[in-house]
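Working notes for the structure below.
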Amino acid sequence: MSFEAVSKQVNLELIKSIACLSEEEQAFKDKRDQELRDVITGKDQRFLLVIGPCSADNEEAVLEYAKKLAAIQEKVKDKIFIVQRVYTGKPRTNGDGYKGMLHQQDPNGETNLIRGMVAVRKLHKRVIVEAGLTTADEMLYPENLVFVDDLVSYHAVGARSVEDQQHRFVASGIDAPTGLKNPTSGNMKVLFNSLHAAQRSQEFIFSGSEVKTSGNELAHVILRGALSEQGQFVPNYHYEDLLKAVKAYKADDYQNPFIIVDTNHDNSGKQYLEQIRIVKEVLINRAWNEDIKQMVRGFMIESYLEDGRQDISEGTYGKSITDPCLGWDKTEELIQYIYENI
13 MSFEAVSKQV NLELIKSIAC LSEEEQAFKD KRDQELRDVI TGKDQRFLLV IGPCSADNEE
73 AVLEYAKKLA AIQEKVKDKI FIVQRVYTGK PRTNGDGYKG MLHQQDPNGE TNLIRGMVAV
133 RKLHKRVIVE AGLTTADEML YPENLVFVDD LVSYHAVGAR SVEDQQHRFV ASGIDAPTGL
193 KNPTSGNMKV LFNSLHAAQR SQEFIFSGSE VKTSGNELAH VILRGALSEQ GQFVPNYHYE
253 DLLKAVKAYK ADDYQNPFII VDTNHDNSGK QYLEQIRIVK EVLINRAWNE DIKQMVRGFM
313 IESYLEDGRQ DISEGTYGKS ITDPCLGWDK TEELIQYIYE NI
């Protein structure tokens with residue numbers, strides 16, 4: 013076993029000096045960030061959509077998508093608050109495959125994480141400045157948080173990471189909404205243990221120093237379905253599943269109860285068109301039960317310019333190279349449906 017340094021020590025100040033926001037741009041982001049906090053705490057009763065490509069695999073395609081999404085945000089802003097998925101690091105089940113822009117700026121190119129950090133910062137800034145949206149990203153590597161914490165408005169801890177103590181503890185120090193996905197097993201006790209840890213103050217080693225966090229009162233849960241030991245998809249967006257999540261929230265002293273339903277992944281069984289039906293079912297369940305309506309106040313939806321997915325070699329612009337996504341036309345129709353039925 014060995015590690016080989018393939019670059020000099022990363023200069024945090026240098027990386028963070030790239031793609032900084034101007035004073036005016038920062039004020040715009042701060043305003044939207046406060047609105048997002050108010051959505052999570054319930055001061056703002058708008059419905060949250062965290063929506064966008066499975067992976068940010070092409071800068072220009074992501075920007076084109078962002079501008080389309082921003083136009084819809086303007087139309088539905090009285091009822092819906094939109095944060096764009098700009099997911100730049102991708103967890104891989106067996107370690108193989110495309111790992112995101114952080115690793116490869118060109119999916120066909122070589123791995124270079126230093127250039128990747130720069131590319132990630134530039135993309136998040138472009139979405140903020142050119143499209144007028146704020147962004148969400150997965151905290152795949154906790155130690156990389158410090159390179160993007162000034163640009164990313166919403167952080168997610170994935171199903172493979174949510175049981176990891178470092179992810180939980182770092183989440184407890186994030187000053188932004190942080191969604192915790194249920195583990196791939198679907199174990200709700202594990203999920204709410206993670207939430208407990210993320211909402212409390214923690215002490216640990218981070219970035220070479222001993223730190224103490226304040227606890228993240230904006231941490232909340234994301235239901236993304238599960239995978240059984242037999243390899244079968246087990247959804248957790250049905251009425252009884254939502255009631256279980258509501259009950260788990262009520263069983264402890266959690267702050268700002270908030271549930272997001274991830275409409276893809278194991279909830280859809282990787283059948284991306286199922287996202288439309290799942291959204292409609294959840295909205296019906298909200299109408300049936302006041303507790304569900306008060307806590308289930310967001311969707312995470314995977315969509316892009318083109319329907320489905322492709323292998324990297326196919327090269328279709330705006331089509332996912334990871335999980336299949338809804339295309340733009342279906343996305344626009346779905347957002348309008350949500351707007352009319354929340």
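Take the sequence shown: its position 24, counted from the start at 1, is 36 in the numbering used here, and no numbers get skipped. We treat Cβ as the ideally placed atom computed from N, Cα and C, and that holds for glycine.
First and last residue of the uninterrupted beta strand (DSSP E) at residue i
| i | result |
| --- | --- |
| Val291 | First-last for Val291: Glu286 to Trp300, but that is the alpha helix (DSSP H), not the beta strand (DSSP E). |
| Val95 | Ile92 to Arg97 |
| Ser19 | Premise fails: Ser19 is in no beta strand (DSSP E) and is neither H nor E. |
| Val273 | Ile271 to Asp274 |
| Gly191 | Thr190 to Lys193 |
| Lys43 | Segment Glu35 to Thr53 is the alpha helix (DSSP H) holding Lys43; no beta strand (DSSP E) there. |
| Glu345 | Premise fails: Glu345 lies in the alpha helix (DSSP H), Trp340 to Asn353, not in any beta strand (DSSP E). |
Unbroken alpha helix (DSSP H) run spanning residue i, endpoints
| i | result |
| --- | --- |
| Leu24 | Leu24 to Lys28 |
| Phe181 | Gln177 to Ala183 |
| Ile84 | Glu71 to Val88 |
| Ala209 | Met200 to Gln211 |
| Asp118 | First-last for Asp118: undefined, no H or E at that position. |
| Met129 | Leu125 to Arg138 |
| Tyr261 | Tyr251 to Lys262 |
Residues bridged to residue i (per DSSP)
| i | result |
| --- | --- |
| Met312 | Val62 and Asp274 |
| Asp149 | His167 |
| Ser221 | Phe218 |
| Leu239 | Phe245 |
| Ile234 | Lys193 and Ile272 |
| Ser332 | Arg321 |
| Cys32 | The partner list for Cys32 (beta bridge, DSSP) is empty, contrary to what the question assumes. |
Supposed close pair residue i, residue j - CB separation, criterion 8 angstroms
| i | j | result |
| --- | --- | --- |
| Ile354 | Leu295 | 7 angstroms |
| Met151 | Ala131 | With a Cβ gap of about 18 angstroms, Met151 and Ala131 do not count as contacting. |
| Gly198 | Pro103 | So it is not a contact: roughly 17 angstroms between Cβ atoms. |
| Leu61 | Ile288 | So it is not a contact: roughly 14 angstroms between Cβ atoms. |
| Gln85 | Val139 | The pair is not a contact, with the Cβ atoms about 12 angstroms apart (cut-off 8 angstroms). |
| Tyr351 | Lys91 | 6 angstroms |
| Leu163 | Arg133 | 6 angstroms |
| Ala82 | Leu145 | 5 angstroms |
| Ile52 | His232 | 7 angstroms |
For residue i, the nearest candidate out of the options (CA to CA)
| i | options | result |
| --- | --- | --- |
| Thr105 | Leu114, Leu48 and Thr196 | Thr196 |
| Ala143 | Asp265, Leu60 and Val74 | Val74 |
| Ala17 | Val51, Gly220, Glu302 and Asn124 | Asn124 |
| Val291 | His136, Ser19 and Ile63 | Ile63 |
| Glu175 | Ala188, Asn156, Phe204 and Ser165 | Phe204 |
| Tyr210 | Ser219, Ser221, Ala188 and Gly220 | The residue asked about is misnamed: residue 210 is Ala in this sequence, not Tyr. Considering only alpha carbons, the answer is Ala188. |
| Gly227 | Gly220, Gln242, Leu207 and Ile217 | Leu207 |
| Lys28 | Glu76, Lys89, Asp56 and Gly128 | Gly128 |
| Gln358 | Tyr266, Asn301, Thr147 and Lys282 | No statement about residue 358 is possible, as the shown extent of the chain runs from 13 to 354 and does not include it. |
| Lys79 | Val141, Gly191, Tyr166 and Ile52 | Val141 |
| Ser165 | Phe216, Thr225, Glu47 and Asp319 | Glu47 |
| Lys193 | Asp265, Ile186, Ser184 and Arg172 | Arg172 |
| Gly185 | Lys201, Glu215, Val160 and Gln116 | Glu215 |
| Val98 | His115, Trp300, His167 and Glu35 | His167 |
| Ala31 | Asp56, His136 and Pro269 | His136 |
| Gly191 | Leu285, Arg309, Glu76 and Phe218 | Arg309 |
| Tyr153 | Ala183, Leu145, Thr146 and Val258 | Ala183 |
| Asp335 | Asp341, Ser315 and Glu344 | Ser315 |
| Lys358 | Ala231, Val258 and Phe181 | The requested residue 358 does not occur in the structure, where the chain is confined to residues 13 to 354. |
| Asn268 | Gln178, Lys89, Asp50 and Cys66 | Asp50 |
| Asp56 | Phe270, Leu346 and Tyr329 | Phe270 |
| Ala263 | Glu76, Asn23, Lys201 and Gln116 | Lys201 |
| Asp323 | Lys43, Arg236, Gly109 and Asp341 | Gly109 |
| Asp303 | Gln116, Gln38, Ile333 and Lys259 | Lys259 |
| Glu25 | Glu222, Asp341, Glu122 and Asp161 | Asp161 |
| Ser332 | Arg58, Ile272 and Tyr77 | Tyr77 |
| His250 | Tyr261, Ser240 and Arg236 | Arg236 |
| Pro65 | Gly54, Phe93, Lys20 and Asp149 | Asp149 |
| Asn279 | Asn248, Asn297, Arg298 and Leu338 | Asn248 |
| Val246 | Asn276, His115, Glu318 and Phe311 | Asn276 |
Contact test: residue i Cβ vs the ligand SAH heavy atom, cutoff 7 angstroms
| i | result |
| --- | --- |
| Thr53 | Of the ligands one can find in the structure shown there are none, so the ligand SAH has no counterpart to examine. |
Min CB distance residue i to chain B below 8 angstroms
| i | result |
| --- | --- |
| Ala31 | Of the protein chains in the structure, only one exists, and it is not chain B. |
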